[in-house]
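Counted the way our numbering counts, the sequence shown spans residues 55 to 155.
This report refers to the structure that appears directly beneath it.
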Amino acid sequence: MANIGIFTAQNDSFTGTVRTLTLNVKVKFVPNTKESDNAPDYRIVAGNFEIGAAWKKVSKAERPYLSATLDDPSFPATIYARLVEGDVGAHNLIWSRSKGD
Numbered sequence: 055m056a057n058i059g060i061f062t063a064q065n066d067s068f069t070g071t072v073r074t075l076t077l078n079v080k081v082k083f084v085p086n087t088k089e090s091d092n093a094p095d096y097r098i099v100a101g102n103f104e105i106g107a108a109w110k111k112v113s114k115a116e117r118p119y120l121s122a123t124l125d126d127p128s129f130p131a132t133i134y135a136r137l138v139e140g141d142v143g144a145h146n147l148i149w150s151r152s153k154g155d
């Protein structure tokens, strides 16, 4: 797994940049008004475009994180990642090859 972004919490949202060999895009995790239990907790937007969603989860070690999926026609493939709390208020977006939560 690789760190593909560093985000900062701002009120109820998270702002940062997704960086890979082919991507360098500023994104924001924005709280979503849930209309059902399966609806995402956050929408992920780049500018005016929605490029993904994230759901609140808790790890086996009982640490909260966000399970995220990012996709866009310009991406080479869907990005599955976890937004986890890191050092001094930073949150790391950790990439995963598969969805496997």
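Note that the Cβ used here is the ideal one computed from N, Cα and C, for glycine as well.
Nothing here was measured: the structure is a model prediction, and the numbers come from that model.
Considering only residues of the same chain and omitting the five flanking positions on each side of residue i, which have a CB-CB separation below 7 Å?
i    : result
R151 : none
A108 : F83, P94, D95, Y96, I98, L120, S121, A122, L137
S113 : Y119
So, with DSSP's three-state summary, where would you put residue i?
i    : result
K114 : coil
V84  : strand
T71  : strand
V79  : strand
F129 : coil
A56  : strand
A93  : coil
Opposite residue i in the DSSP bridges: which residues?
i    : result
E104 : V99
R136 : S121, I148
Using only CA atoms, which one of the options lies nearest to residue i?
i    : options              : result
P130 : A144, A100, D66, L75 : L75
W149 : D141, Y134, G143     : Y134
D66  : S90, N78, K110       : K110
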